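Asks: In this note's numbering, the protein residues as written are -13 to 356.
Note that beta-carbon positions come from the ideal geometry of N, C-alpha and C, so glycine has one too.
All values reported here derive from a predicted model rather than from experimental measurement.
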Ligand code: SF4
Ligand code: SF4
């Protein structure tokens, strides 16, 4: 049975040791980093830098605690993410969200180069075949995955699996294009965008959010460069009218996330990856969206494990016991099953079931409260 360490967000004593940074520090001691990482070893601290308007990322103070704990065992950490928008702009987003070398105490670098096409094809599985793993993540011998837990319009739930899967893979491959990257998970078939003129209110949000600027409205008619589009799905996500869609299949999407996570993790030797889930500022959407809504679930705390399936299952078990926050999007939905499902109607558990089936870990775990 896998061990999952948990620190509650609740403060019972007004001292540093009972703060969340203080608890994280204690958890990192408890998990014994020396059992996983060696002196002078380079360690990727993988997080999501957010976007210009999505400020609810893993807070820099937590990344700093992880970096400091790694430095304390003489390892060599750096903080990284893969390119979502143009690389230089993405580093500036990280900077604006407080993630830079001064705040986290280590270099902050892009995992797949400034152009996001520095990657290596790795065998995935039945759905994806091969997928483009960011070269830095491919090469680095060890990693701590720091995931901001939240909802997600397509994944329903986004935690460690999604961070490793989408975040360890590039948007596209230098030769193979979007079919080798995240787009292979985001869509099915050719993934062509479908525009419904009747529904479109010409708000132009799709055009504004496209990171490649390939959408253009001419004479109030939608157009885009199908060859250049890397099927990131942002335009369909922001469309308020459902006027822009891509062919999707929930089950395939969830399973492909697990497949991609397996491909990324296959580049590490056993015991070289740890997972920290931050159940904080749990908002309804992905951190790559242009805004972050108010949290739908109160801060729950931090979970750490060396088992990606166990940490995800433990996270979901905690979220299932939580109540919807007043004045949030969760407060506006009719409570039927659980908060994230009610918000998204996505069968997110498939991610975890499939990751277990693929041998990435165990859904049985022992929770150890710090
Ligand atoms: S899916 Fe939409 S937002 Fe993404 S690259 Fe293609 S056109 Fe642009
Ligand atoms: S976001 Fe949707 S409604 Fe707005 S312009 Fe694009 S397709 Fe039309």
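1) Compare the Cα-Cα distances from residue 68 to each of 36, 88 and 173 and report the closest residue.
2) Whose C-beta lies closer than 6 angstroms to the C-beta of residue 126 among residues of the same chain, with five residues either side of it excluded?
3) Go ahead and pull the three-state DSSP assignment for residue -9.
4) What are the complete alpha helix (DSSP H) segments, minimum 4 residues, inside the stretch 217 to 244?
5) When you compare the CB positions of residue 182 and residue 142, do they come within less than 9 angstroms of one another, or not?
6) Alpha carbons only, please: which of 175, 186, 24 and 22 is nearest the one belonging to residue 224?
7) Below 8 angstroms on the Cβ atoms is my contact criterion, and I expect residue 46 with residue 85 to pass it. Report the Cβ-Cβ distance as a whole number of Å.
8) Taking the alpha helix (DSSP H) that residue 149 belongs to, which residues open and close that run?
9) With a threshold of 6 angstroms on Cβ separation, who are the neighbours of residue 158 within its own chain once the five nearest residues in sequence on each side are excluded?
10) On the CB-based measure, 16 or more other CB atoms within 10 Å of its CB, does residue 152 come out buried or exposed?
11) Is the separation between the beta-carbon of residue 92 and that of residue 258 shorter than 9 angstroms?
12) Should residue 187 be listed as close to ligand 3, given that the test is whether its C-beta is under 8 angstroms from any heavy atom?
13) Under 9 angstroms between the Cβ atoms of residue 120 and residue 162?
14) Where DSSP assigns a beta bridge to residue 132, which residues make up the other side?
15) Can you tell me which of the three DSSP states residue 85 falls into?
16) Could you give the residue range of the alpha helix (DSSP H) that holds residue 8?
17) Could you give the distance in angstroms between the alpha-carbon of residue 327 and the alpha-carbon of residue 296?
18) Between the Cα of residue 80 and those of 32, 240, 112 and 171, spot the shortest distance and give me the residue it belongs to.
19) For residue 359, which of 273, 355 and 253 has the nearest alpha-carbon?
20) What alpha helix (DSSP H) runs, 4 residues minimum, are completely inside the stretch 154 to 204?
21) Report the residue from 308, 247, 280 and 305 whose alpha carbon sits nearest the alpha carbon of residue 40.
22) Are the stretch 6 to 13 and the stretch 306 to 314 touching by the rule of at least three beta carbon pairs closer than 8 angstroms?
23) Taking the alpha helix (DSSP H) that residue 66 belongs to, which residues open and close that run?
Replies: According to the data block:
1) 36
2) 28 and 30
3) Secondary structure at residue -9: strand, using DSSP grouped into helix, strand and coil.
4) 220 to 224
5) no
6) 186
7) 5 angstroms
8) If you look at residue 149, you'll find it in the alpha helix (DSSP H) that goes 146 to 151.
9) So the qualifying residues of the chain are 164, 167 and 216.
10) So residue 152 counts as buried.
11) no
12) Absence of ligand 3 from the depicted structure is noted, with ligand 1 and ligand 2 being the only ligands included.
13) no
14) In DSSP, residue 132 forms a bridge with 262.
15) coil
16) Taken as a continuous stretch (DSSP letters only), the alpha helix (DSSP H) holding residue 8 covers 6 to 16.
17) 20 angstroms
18) Looking at the Cα atoms, 32 is the closest of the given residues.
19) Coverage of the chain is limited to positions -13 through 356, which leaves residue 359 absent and any answer about it impossible.
20) 169 to 172 and 191 to 195
21) 280
22) In short, these stretches do not touch, since the Cβ pair count stays below three.
23) No alpha helix (DSSP H) contains residue 66, which is instead part of the beta strand (DSSP E) from 62 to 67.
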